[in-house]
Structures are given as structure tokens and as C-alpha cells.
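Under this note's numbering, the residues of the sequence shown are numbered 2 to 442, in order.
Glycine residues also receive a C-beta, built at the ideal position from the N, C-alpha and C atoms.
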Amino acid sequence: MSRDTTDAADRRTLLKLTGGAGLVALSGCLSTTDDDGDGSDGSDGSDGSDGDDGGDGMDGDDGSDGGDSTEAFQIGMVDSQTGSLSAFGERNQRGVDLALSRVNEVGIDGRELDIVVEDSESENQGGIAAAQKLVNQDGVPFLIGAVGSGVSLAIYESVVEGTDVVQLSQNSTGLNLTEFPGLLRMSPSGRSQSLALSNIIADDGYDEVAVTYVNNDYGQSLTDAFVDAYDGEVVYNTPHDQDQQSYSGVISEMNGSGADAWLFVTYQAEFATMVNEVFSSGYDAQFYGADSVSGDNVLENTPEGSIDGMNIVVPSAPVEEENYQSFASDFEAEYDRQPTSWAAYAYDCVINAALAIQAADEFAGAALQDTVRRVSGPEGETVTSFAAASEILADGGGPDDVDYQGVSGPIDFNEDGDPVGFLQVLEVQDHEYEGIDFVEG
Numbered sequence: 002m003s004r005d006t007t008d009a010a011d012r013r014t015l016l017k018l019t020g021g022a023g024l025v026a027l028s029g030c031l032s033t034t035d036d037d038g039d040g041s042d043g044s045d046g047s048d049g050s051d052g053d054d055g056g057d058g059m060d061g062d063d064g065s066d067g068g069d070s071t072e073a074f075q076i077g078m079v080d081s082q083t084g085s086l087s088a089f090g091e092r093n094q095r096g097v098d099l100a101l102s103r104v105n106e107v108g109i110d111g112r113e114l115d116i117v118v119e120d121s122e123s124e125n126q127g128g129i130a131a132a133q134k135l136v137n138q139d140g141v142p143f144l145i146g147a148v149g150s151g152v153s154l155a156i157y158e159s160v161v162e163g164t165d166v167v168q169l170s171q172n173s174t175g176l177n178l179t180e181f182p183g184l185l186r187m188s189p190s191g192r193s194q195s196l197a198l199s200n201i202i203a204d205d206g207y208d209e210v211a212v213t214y215v216n217n218d219y220g221q222s223l224t225d226a227f228v229d230a231y232d233g234e235v236v237y238n239t240p241h242d243q244d245q246q247s248y249s250g251v252i253s254e255m256n257g258s259g260a261d262a263w264l265f266v267t268y269q270a271e272f273a274t275m276v277n278e279v280f281s282s283g284y285d286a287q288f289y290g291a292d293s294v295s296g297d298n299v300l301e302n303t304p305e306g307s308i309d310g311m312n313i314v315v316p317s318a319p320v321e322e323e324n325y326q327s328f329a330s331d332f333e334a335e336y337d338r339q340p341t342s343w344a345a346y347a348y349d350c351v352i353n354a355a356l357a358i359q360a361a362d363e364f365a366g367a368a369l370q371d372t373v374r375r376v377s378g379p380e381g382e383t384v385t386s387f388a389a390a391s392e393i394l395a396d397g398g399g400p401d402d403v404d405y406q407g408v409s410g411p412i413d414f415n416e417d418g419d420p421v422g423f424l425q426v427l428e429v430q431d432h433e434y435e436g437i438d439f440v441e442g
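Okay, here's the thing in C-alpha cells:
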């Protein structure tokens with residue numbers, strides 16, 4: 002692929018996003034390819050219903066419920082265990098399992114946390130069916146989900162909206178979610194990705210770009226934000242559908258546009274197909290991508306060197322912070338691989354849920370709605386582990402006395418349900434992803 006790399010890194014200006022915490026300079030690389038995963042879905046808990054609102058009648062300040070006080074608290078998770086987003090789902094589960102072990106080592110008022118995991122199949126309807134089962138049959142008051150912005154939004158609009166159930170997405174970056182403040186997410190909005198990509202492409206000297214994006218809310222919203230931010234000319238801007246056998250028409254049109262820079266806002270399987278068709282056709286362009294095009298599935302299913310020099314902007318974690326390093330060390334000891342930012346987001350979803358449960362007056366959606374934002378808000382004492390936060394609550398502290406700082410960064414949800422976020426710029430070198438820069442939030 003052709004590229005004018007002269008002083009490109011020096012000419013980049015780190016963007017200041019919303020939020021307060023800074024990020025120290027890059028001295029290591031955050032892996033985005035930890036998985037040869039087995040699709041483990043973590044703890045599946047029990048499947049008994051706790052009632053229409055998910056409550057178990059916790060009605061005392063000490064968390065007692067008048068029934069079996071040793072029964073585990075049960076929440077739900079919709080994840081992508083199959084389908085085009087399954088690579089992201091696999092990454093989530095190791096983070097979930099590690100977080101569960103940390104929570105259950107301490108306990109929540111003497112009880113464990115269980116998570117019932119259902120597969121969205123990486124599709125809106127599959128996500129809706131999974132959420133309906135968890136909310137309506139299992140009666141969970143807290144729902145982690147989902148992977149894919151369109152899936153998360155479909156769940157919220159079809160199942161969660163109008164109820165007291167808390168929904169916290171582990172892996173959704175679509176811009177449209179900001180319009181639904183009742184839908185929380187742990188990963189940052191893709192608006193920052195779009196702005197970073199527009200600056201990187203311009204700084205690399207390209208005044209024309211061809212863009213193709215997956216035809217859903219995620220692809221459309223990130224692309225629209227990119228077009229708004231990019232100072233050059235977007236000479237090709239066309240969606241494509243998922244799960245196609247060939248994208249030769251799209252690739253041919255991008256090549257015919259005359260642009261030397263090509264931006265891909267799609268998923269791993271679709272992108273790998275496109276790369277193979279570019280390679281076999283002998284086309285030459287500088288590639289750029291949003292977070293969803295990076296992963297082992299791409300590297301394993303494309304020719305060596307076929308995407309070398311590609312730049313990708315991905316959500317990141319503050320890898321120099323002590324709590325992240327401790328998380329990464331534990332993760333590598335447990336799984337013999339580095340964590341991804343996606344695993345860090347999933348880990349923090351579980352910790353946040355557990356703290357919200359411990360801080361609530363009862364195990365019911367309305368009570369959790371009140372505590373889920375507050376246990377990681379900036380007013381309380383800064384803590385970086387479930388054990389430390391749980392101790393404050395056990396000693397009589399309330400949700401505003403705790404400021405849990407996640408392994409993925411600060412979790413100060415704004416009024417739109419979005420957190421502070423960090424981004425990393427990856428470059429493909431020798432058919433591997435290498436971190437070359439950070440965008441600071």
C-alpha cells in the first residue's frame with residue numbers, strides 16, 4: 002500500500018475529548034488481539050425468575066431479604082457468541098470471568114454474583130430475543146449488553162425502555178446511542194474515533210478519501226461524523242451489507258474513485274473479504290479503519306503484508322495506570338495472553354454492576370437506576386478495585402462515597418450515559434498490530 006509517511010507521527014496533534022483525566026505517553030502497546038477464544042460465556046448462574054421487576058425483596062439496610070440470604074444476585078448479559086461480532090464477544094468473556102472472580106472473592110453482603118449470558122447472534126432480532134428472555138423470564142434488574150450499537154439500541158427500544166431495568170452496554174460506540182440517556186455504555190462514543198481518523202488522514206497528506214461502511218447505525222453514524230469532520234473531499238461514500246460472499250463491486254468502485262486513501266467502517270469478516278479481493282485485484286491504496294476492523298480474524302484470513310501500513314483507531318485503556326497494569330498482569334496469568342480494551346470494558350461493567358447492587362437499598366431496577374451512575378461518580382473516594390469500593394460500602398458508606406476508577410479509565414457517566422474515553426492509534430507492521438499513538442480523553 003502506498004503512503005507518504007514523512008513526519009506523519011510528528012505532525013499529528015492529540016485531540017482533547019470531553020472529560021478530565023489525562024493519559025501518560027505511550028511506552029507500551031495495548032494488544033487488541035488477545036483471542037483464539039473458545040466462546041466461554043462465563044458464569045451462567047441459575048435461571049429462576051425473581052419477579053416482574055427483577056427484585057428479590059432486599060428491604061433492609063443490611064441487605065437482608067427475609068428469604069434465602071445466601072442466594073446469588075443474578076443479572077443478565079447479552080453477548081455476541083456467534084455471528085459477525087463473535088470475536089468481540091469472545092474478548093468480553095475473559096474480562097467478565099475475571100471480574101466475577103474478583104467480586105465473588107469478596108462477596109456482596111455475603112452473597113455471590115451470577116451472570117446469565119444469552120447470545121445475540123450479532124443481530125438485532127437475536128439481541129431482542131435474548132434480552133426478552135433475561136428480562137421477562139429470568140427477571141434480571143440489570144442487563145449488560147450488547148456488542149454492536151444497533152443491537153444495543155434495538156434491545157433498549159424493544160425491551161428496556163419504559164422499564165426500571167438498567168442497561169449498560171459493554172461494546173457499543175455508535176454515535177446514536179448518545180440520544181438515549183437511559184442506555185449507558187462503558188466504551189466511548191465513536192464520535193471521537195471519527196474526529197481522530199479525519200485528522201490522521203489529513204495529516205498524512207490525503208485530500209481525497211473513499212469510504213465504505215457497514216449498513217447499520219454503527220457504520221452510518223461513524224461515517225457521517227467523519228464526513229462532517231474531514232476537511233478534504235469524500236469522493237466515494239457507500240454502504241455495504243453484512244455477511245456477503247463478495248464485495249468486489251464495492252472494491253472496484255473504491256478503486257475507480259481515484260482516491261489514494263480508503264477508509265473502512267465495517268466488521269472483521271467483511272473487511273477480511275474485502276482485503277482478499279483488493280489483494281487479488283492488485284489494487285493499491287492506503288488503508289484506514291475504525292475499531293471494528295481490527296482483530297485476529299483479519300490477520301489470520303488475509304495474506305501476509307496485505308494490510309501493512311494500515312492505521313486503525315480503537316478505544317483504549319489507560320495502560321500506564323497502576324490499576325490497569327494490575328488487571329493486565331492478572332489477566333495474563335489467568336489466560337496467558339494480553340487483554341484487549343474490550344475485555345477491560347466488560348470487566349468494568351461487571352464491577353460497576355456489583356457495586357450498584359451493594360449500594361442499593363434493594364435488588365430492583367429502580368434502586369439500581371439510582372446507584373449505577375453514583376458508585377463511579379467523581380464525588381466519592383477514589384478506589385481502583387471492587388474490594389476497596391466494597392469495603393467503603395460495607396462500612397456504612399453510600400453510593401456517593403465511592404468513585405470507582407475502572408481498568409478502562411474513569412467511569413464518570415455524563416448526562417447522555419457516555420463515559421470519558423481513551424483512543425489508541427494502531428499501525429499494521431509485519432502483519433501485526435502495533436500501538437503508535439494515543440488520543441487523550
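Beta-carbon proximity of residue i to residue j, cut-off 8 Å
i	j	result
Ala318	Phe387	no
Val107	Ser391	yes
Ile358	Ile109	yes
Asn172	Phe265	no
Asp402	Gly381	yes
Ala1	Pro316	Since the displayed the chain opens at 2 and closes at 442, residue 1 lies outside it and no answer follows.
Ala130	Leu144	no
Gly257	Pro240	no
Ser307	Phe280	yes
Gly191	Leu169	no
Asp331	Met187	no
Tyr157	Leu184	yes
Ala262	Val210	yes
Ser70	Gly111	yes
Phe181	Phe364	no
Asn1	Thr383	Here the chain has residues from 2 to 442 only, and residue 1 is not among them.
Ala360	Leu394	yes
Cβ separation of residue i and residue j, assumed to be a contact under 8 Å, to the nearest whole Å
i	j	result
Thr440	Ala197	The sequence as given places Val at residue 440; Thr does not occur at that position. Indeed, because the Cβ distance is near 5 Å, the residues count as touching under 8 Å.
Thr396	Thr179	Rather than Thr, the amino acid found at residue 396 in this sequence is Asp. Between Thr179 and Asp396 the Cβ distance is about 36 Å, and since that is not below 8 Å, they are no contact.
Ala155	Val79	Contact flag wrong, Cβ pair sits at about 10 Å.
Gly399	Asp165	Actually they do not touch by this definition, with Cβ atoms about 20 Å apart.
Ala260	Tyr237	6 Å
Asp242	Gly151	Contact doesn't hold; Cβ gap of about 13 Å is too wide.
Leu427	Ser295	6 Å
Ser409	Ala334	With a Cβ gap of about 19 Å, Ser409 and Ala334 do not count as contacting.
Gln82	Asp120	4 Å
Val97	Ala347	5 Å
Gly77	Val141	4 Å
Secondary structure of residue i, DSSP reduced to three states
i	result
Thr224	helix
Pro240	strand
Ala211	strand
Phe265	strand
Ser170	strand
Met78	strand
Val426	strand
Ser317	strand
Arg92	helix
Ser247	coil
Arg186	strand
Asp362	coil
Met59	Because the pLDDT at Met59 is just 49, under 50, the model does not fix this residue reliably, and the point stays unresolved.
Gly306	coil
Tyr434	strand
Pro421	Here the sequence assigns Val to residue 421, which means Pro is not the residue at that position. Reduced to three states, the DSSP call for Val421 is coil.
Phe181	coil
Gly105	The amino acid occupying residue 105 in the given sequence is Asn; Gly does not appear at that position. If DSSP states are grouped into helix, strand and coil, Asn105 belongs with the helices.
Glu301	helix
Glu254	helix
Asn353	helix
Asp229	helix
Asn200	helix
Check your understanding: Are at least three pairs of beta-carbons, each pair with one atom in the segment 429 to 441 and one in the segment 362 to 379, less than 8 Å apart?
Key -> no
**Study point:** Completely contained alpha helix (DSSP H) runs for the segment 109 to 158, where each covers 4 or more residues
**Key:** 125 to 133, 150 to 156
Check your understanding: Would you say the segment 124 to 136 touches the segment 89 to 102, given that touching needs at least three Cβ pairs under 8 Å?
Key -> no
Review point. Can we say the segment 236 to 252 touches the segment 183 to 202, given the rule of at least three CB pairs closer than 8 Å?
Key: no
Exercise for review: With a floor of 4 residues, list each alpha helix (DSSP H) that falls wholly inside the segment 366 to 410, ordered by position along the chain.
Suggested key: 366 to 372, 387 to 395
Point to revise | Cβ pair count under 8 Å reaching 3, the segment 275 to 295 against the segment 307 to 323 | key: yes
**Study point:** alpha helix (DSSP H) runs contained entirely in the segment 272 to 296, provided each spans 4 or more residues
**Key:** none
Check your understanding: Using 8 Å as the Cβ pair cut-off and three pairs as the minimum, do the segment 341 to 354 and the segment 403 to 411 touch?
Key -> yes
Review point. Which runs of the alpha helix (DSSP H) fall wholly inside the segment 319 to 347 and span at least 4 residues, in chain order?
Key: 323 to 336
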